[in-house]
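Chemist: Before I ask anything, here is the structure I am working with.
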Amino acid sequence: MEANEASLALARLDINDENEIDTLRDAVQFLCQVANPLGKAVDFLKEDAEIMNKEYQFWLKDQKMHQDKLEDERRITEELLQDEVGELIELKEKIEYQQRRIFSIKGEGLLSRT
Numbered sequence: 250m251e252a253n254e255a256s257l258a259l260a261r262l263d264i265n266d267e268n269e270i271d272t273l274r275d276a277v278q279f280l281c282q283v284a285n286p287l288g289k290a291v292d293f294l295k296e297d298a299e300i301m302n303k304e305y306q307f308w309l310k311d312q313k314m315h316q317d318k319l320e321d322e323r324r325i326t327e328e329l330l331q332d333e334v335g336e337l338i339e340l341k342e343k344i345e346y347q348q349r350r351i352f353s354i355k356g357e358g359l360l361s362r363t
């Protein structure tokens with residue numbers, strides 16, 4: 250018996266008739282058969298939603314932790330690079346100074362020959 254048939258049967262009931270009572274009983278049984286799985290499915294959906302929410306919260310915390318670690322590592326790397334960049338600039342200046350000295354000495358050597 251389908252849901253529409255059950256609702257139509259309920260609308261036409263005459264409680265005093267035994268046949269009508271059987272029809273009512275069938276309609277109630279059908280309703281219970283349909284409602285029980287639906288109720289269980291709703292319960293499972295609620296449990297699943299709670300589990301998914303807990304898992305979502307777990308991954309949010311995990312993401313935050315790794316994001317914080319990444320930021321710490323970036324900060325440390327930037328600090329180390331700043332030290333290295335300063336040293337690199339200093340070395341380039343020393344190289345330029347030495348090149349100027351070499352050119353100067355070569356120039357003096359050429360002038361003294363002439």
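Going by this note's numbering, the sequence shown runs without a break in its numbering and finishes at 363. Cβ atoms here follow ideal geometry from the backbone N, Cα and C, with glycine treated the same way.
1) What are the start and end residues of the alpha helix (DSSP H) that includes aspartate 311?
2) Leaving out five residues before and five after isoleucine 351 in sequence, what residues of the same chain have Cβ atoms less than 7 Å from its Cβ?
3) Out of curiosity, what's the CA-to-CA distance linking isoleucine 344 and glutamate 320?
4) Straight-line CA distance for aspartate 292 to tryptophan 308?
5) Taking only the alpha-carbon atoms, compute the straight-line gap between leucine 337 and leucine 330 and give it to the nearest angstrom.
6) Do we get a CB-CB distance below 8 Å when we pair isoleucine 354 with the residues of chain D?
7) Who are the near neighbours of arginine 362 in its chain, counting only those whose CB is closer than 6 Å to its CB and skipping five residues on each side?
Modeler: Concretely, from the data shown:
1) As a first step, residue 311 must be located in the sequence shown, where it is residue number 62. Its alpha helix (DSSP H) spans residues 267-362.
2) Mapped onto the sequence shown, residue 351 falls at position 102. Around isoleucine 351: no qualifying Cβ.
3) Your numbering for residue 344 matches position 95 in the sequence shown. Your numbering for residue 320 matches position 71 in the sequence shown. Approximately 35 Å between the Cα atoms of the pair.
4) Here residue 292 refers to the residue found at position 43 when the sequence shown is read from its first residue. Here residue 308 refers to the residue found at position 59 when the sequence shown is read from its first residue. So the alpha carbons of these two residues sit roughly 24 Å apart.
5) Walking along the sequence shown from the start, residue 337 turns up at place 88. Walking along the sequence shown from the start, residue 330 turns up at place 81. Each residue's alpha carbon lies about 10 Å from the other.
6) Absence of chain D from the displayed structure is noted, only one protein chain being present.
7) Here the question's residue 362 lines up with position 113 in the sequence shown. No residues qualify anywhere along the chain.
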